[in-house]
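Engineer: Numbering (full-length UniProt numbering), first residue to last: 1 to 232.
Glycine included, each C-beta is placed from N, C-alpha and C at the ideal position.
The model shown is predicted, which means the values in this text are computed figures rather than measured ones.
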């Protein structure tokens, strides 16, 4: 691959439009304004997301959207559950744990000003996950329990399409795997059947631009570290 100079990269970033701009504008928002989200705009984003590709066109995604009283009820139940025990989320393999550590340093230390030794501050920040960072809309993404990894890929493409559509419409979001750690609460409050596997949540709304962590833009690994090119 051709090597770009710093000047070239800067120029390219400043001239981004269309899809490039939307992809790079999207980021994890960790504090939202109370501004209501128009259901019509939300439905437009969901309408576009349903065109995501999937294995044999089975469209494996199932989405539950909670607003208003349903959202408040779910928040109350999740906070109670989180206050009584840790979420049921598998630990990362040892080789990948440094990614979470590095992210924590950026989000908690740099973005929120919470020192590593401030256990109370970190605990309070973690609990904000179960308030959906004050977002007025929360979605829960599921797929049928009999489906496998190749179908989870389809759900992932649906989710990314939804996130980009929301971004293009001026909305912000944050994917929350933490919510899936209390499946029994989600099933009870949202009527999610046992035949569905709960994958993650997504908080949706308008970001609070004054919140420090919302200014972060987390870097990604270079293409050369995640892709193998073969030509013979």
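Can you tell me whether residue 53 is buried or exposed? The criterion is at least 16 other CB atoms within 10 Å of its CB, across all chains shown.
Structural biologist: exposed
Engineer: Using the three-state DSSP reduction, which class does residue 56 fall into: helix, strand or coil?
Structural biologist: helix
Engineer: Measure the beta-carbon distance from residue 172 to residue 207 and round it to whole angstroms, keeping in mind my assumption that it falls under 8 Å.
Structural biologist: 4 Å
Engineer: Does the Cβ-Cβ distance between residue 162 and residue 49 come in under 8 Å?
Structural biologist: yes
Engineer: Taking the alpha-carbon of residue 146 as reference, which of 209, 198, 134 has the nearest alpha-carbon?
Structural biologist: 198
Engineer: Compute the beta-carbon to beta-carbon distance between residue 32 and residue 133, rounded to the nearest angstrom, for a pair I have assumed lies under 8 Å.
Structural biologist: 5 Å
Engineer: Tell me which residues share the same chain as residue 157 and place their Cβ nearer than 8 Å to its Cβ, disregarding the 5 neighbours each side in the sequence.
Structural biologist: 52, 53, 54
Engineer: Leaving aside the five residues before and after residue 92 along the sequence, list all residues of the same chain whose C-beta is less than 8 Å from its C-beta, in chain order.
Structural biologist: So the list reads 99, 100, once near-sequence residues are dropped.
Engineer: Would you mind stating whether residue 218 and residue 37 have Cβ atoms separated by less than 8 Å?
Structural biologist: no
Engineer: Let me know the alpha helix (DSSP H) ranges lying completely inside the stretch 111 to 142, each 4 residues or longer, listed in chain order.
Structural biologist: Within the stretch 111 to 142, the complete alpha helix (DSSP H) segments at least 4 residues long are 119 to 127, listed from N- to C-terminus.
Engineer: Let me confirm a value: residue 28 is counted as buried when at least 16 other C-beta atoms fall within 10 Å, else exposed. Which label applies?
Structural biologist: buried
Engineer: Using a 10 Å radius around the Cβ and a threshold of 16 neighbouring Cβ atoms, would you call residue 78 buried or exposed?
Structural biologist: buried
Engineer: For the alpha helix (DSSP H) that residue 73 lies in, which residues bound it at each end?
Structural biologist: 68 to 84
Engineer: Nearest to residue 148 by alpha carbon, out of 60, 19, 25, 40?
Structural biologist: 60
Engineer: Quick check on this structure: which residue in 103, 189, 126, 170 has the alpha carbon closest to the alpha carbon of residue 25?
Structural biologist: 170
Engineer: Rounded to whole angstroms, what is the Cα-Cα separation between residue 124 and residue 232?
Structural biologist: 54 Å
Engineer: For the beta strand (DSSP E) containing residue 230, name the first residue and the last one.
Structural biologist: Careful: residue 230 lies outside any beta strand (DSSP E) and carries neither H nor E.
Engineer: Pull up the distance between the alpha-carbon of residue 66 and that of residue 116, whole angstroms please.
Structural biologist: Using only the alpha carbons, I get a separation of about 34 Å.
Engineer: Helix, strand or coil for residue 65? Go by DSSP, reduced to three states.
Structural biologist: strand
Engineer: State buried or exposed for residue 222, treating a residue as buried only when at least 16 other CB atoms are found within 10 Å of its CB.
Structural biologist: With fewer than 16 other Cβ atoms within 10 Å, it is exposed.
Engineer: Can you tell me which of the three DSSP states residue 146 falls into?
Structural biologist: coil
Engineer: So, are the CB atoms of residue 88 and residue 201 less than 8 Å apart?
Structural biologist: Not closer than 8 Å, so no.
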